[in-house]
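First comes the structure, then the notes that go with it.
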Amino acid sequence: MTMQNSAAEADRALKSKHRAMWAQGDYPSLAAEVIPELGAILAEACGVRSGLRVLDVGAGSGNAAIPAALTGADVVASDLTPELFEAGRRVAEKQGARLTWQEADAEALPYGDAEFDTVLSCVGVMFAPHHQQAADELVRVCRPGGTIGLLSWTPQGFIGRMFAAMKPYAPPPPPGAQPPPLWGDEDHVRALLGDRVTDVSAERRTVRVDRFETPEMFRDYFKERYGPTISVYKNIAGEPERTAALDGALVDLVRDGDQGTGSGRTVLEWEYLLFTARRAG
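1 is the number of the first residue of the sequence shown in UniProt numbering; add one for each residue after it.
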């Protein structure tokens, strides 16, 4: 019992840390300004429509949940970090979308078995530290014949490479935690879901990001708004040499990926995996 209590306490501490990470900065504005189209792409790929009950896991400020709700579907936007909901509520009200917002841990969803017709996540569930637990929950709450849809950054793509660049400056991951971009690897996701799904479709796509004039502007924007980047810089606060090295690594990353040479703007193509499947009956 003592070991079980200790494990539960460690999990609560980890989740508290994750919640605080995403609550800092301003992820809602980043999602709205940099990747606004991704949520609608996922909702369309999942065939979301009126009459369906939909769960968005790791919904953040509703990047996918709001487009899903605008189809007339009955949508629940769930996230470990409810601090993100207020921005989402404002957007939903402005657009006329009606949906439910609920705090929830992707690894222990507070919903019944087979409760939803569609379970989706747009660059959300990939940040749950224990991939198998999160995948098991996605399957559990989806009805047989229902759709599971995921949009995740790939390990080889820009965001995957950004996490690799930040890793030497980040604190060591907790035991059992896996890197988020693994969710962008088709084989990894297939292994997580196993024979519990059928009719798998997996496609690598890219989203064009061209709002930053210079690599330095990109770096500073993410230092100010993106929770994981903010946390890494906090980890090396007081170490000017390492901070300067990370500053340089992020600028180099953008320069290496820049496809807008001569245009006066930085143009990046961020790769993601669009994965849909049907839960086996």
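Where a beta carbon is used, it is the ideal one built from N, C-alpha and C, also for glycine.
Every value quoted in this text rests on a predicted model; they were computed, and no experiment measured them.
7 angstroms CB neighbourhood of residue i in its chain, flanking five on each side removed
i	result
TYR169	VAL232, ASN235, ILE236, ARG242, LEU246
ALA134	ALA106, GLU107, VAL125, ALA128
ALA249	ALA165
PHE218	PHE212, VAL254, THR266
Option in the options with minimal Cα separation from residue i
i	options	result
ALA200	LEU138, GLU137, ARG278	The sequence as given places Val at residue 200; Ala does not occur at that position. Looking at the Cα atoms, ARG278 is the closest of the given residues.
LEU193	ALA13, GLY149, VAL123, PHE163	GLY149
VAL189	ALA92, TRP101, VAL91, VAL139	VAL139
ALA32	SER16, TYR111, ARG90, ASP256	ARG90
PHE158	ARG196, ALA13, ARG208	ARG208
THR171	ILE230, ASP252, ALA202	Before going further, note that residue 171 is Pro rather than Thr in the sequence given. When each option's Cα is compared against that of PRO171, the closest is ILE230.
VAL57	GLY39, THR71, ARG49	GLY39
For residue j and residue i, believed in contact at Cβ under 8 angstroms, the rounded distance
i	j	result
ASP79	GLU103	7 angstroms
ARG211	SER29	The pair is not a contact, with the Cβ atoms about 12 angstroms apart (cut-off 8 angstroms).
VAL141	GLU115	5 angstroms
GLU269	THR198	Not a contact, Cβ separation roughly 31 angstroms.
CYS46	LEU120	5 angstroms
ALA65	LEU42	Contact flag wrong, Cβ pair sits at about 10 angstroms.
PRO173	GLY160	Going by Cβ atoms, the distance from PRO173 to GLY160 rounds to 15 angstroms, so no, they are not a contact pair.
ALA92	ALA69	7 angstroms
Start and end residues, alpha helix (DSSP H) containing residue i
i	result
VAL91	85-95
GLN132	131-141
TYR272	It is not in any alpha helix (DSSP H) - TYR272 instead sits in the beta strand (DSSP E) that spans 266-279.
LEU193	186-193
SER231	227-235
THR243	240-257
Own chain partners of residue i with C-beta closer than 6 angstroms, once the 5 adjacent residues on each side are dropped
i	result
LEU52	ALA73, ASP117, THR118
TRP22	THR81, GLY227
ALA77	ASP56, ALA59, GLY62, ALA65, LEU99, TRP101
Continuous beta strand (DSSP E) stretch holding residue i: start and end
i	result
GLU203	197-212
PHE127	PHE127 -> no beta strand (DSSP E), and no H or E assigned at all.
Same chain, Cβ closer than 8 angstroms to residue i, five either side skipped, listed in chain order
i	result
VAL34	VAL209, ARG211
Can we say the segment 151-158 touches the segment 181-188, given the rule of at least three CB pairs closer than 8 angstroms? yes
Tell me whether the segment 263-278 and the segment 125-140 touch, counting them as touching only if at least three CB pairs, one residue from each stretch, are closer than 8 angstroms. no
Does the count of Cβ pairs from the segment 83-94 and the segment 116-123 closer than 8 angstroms reach three? no
The segment 21-40 contacting the segment 54-66, beta-carbon criterion three pairs below 8 angstroms: yes
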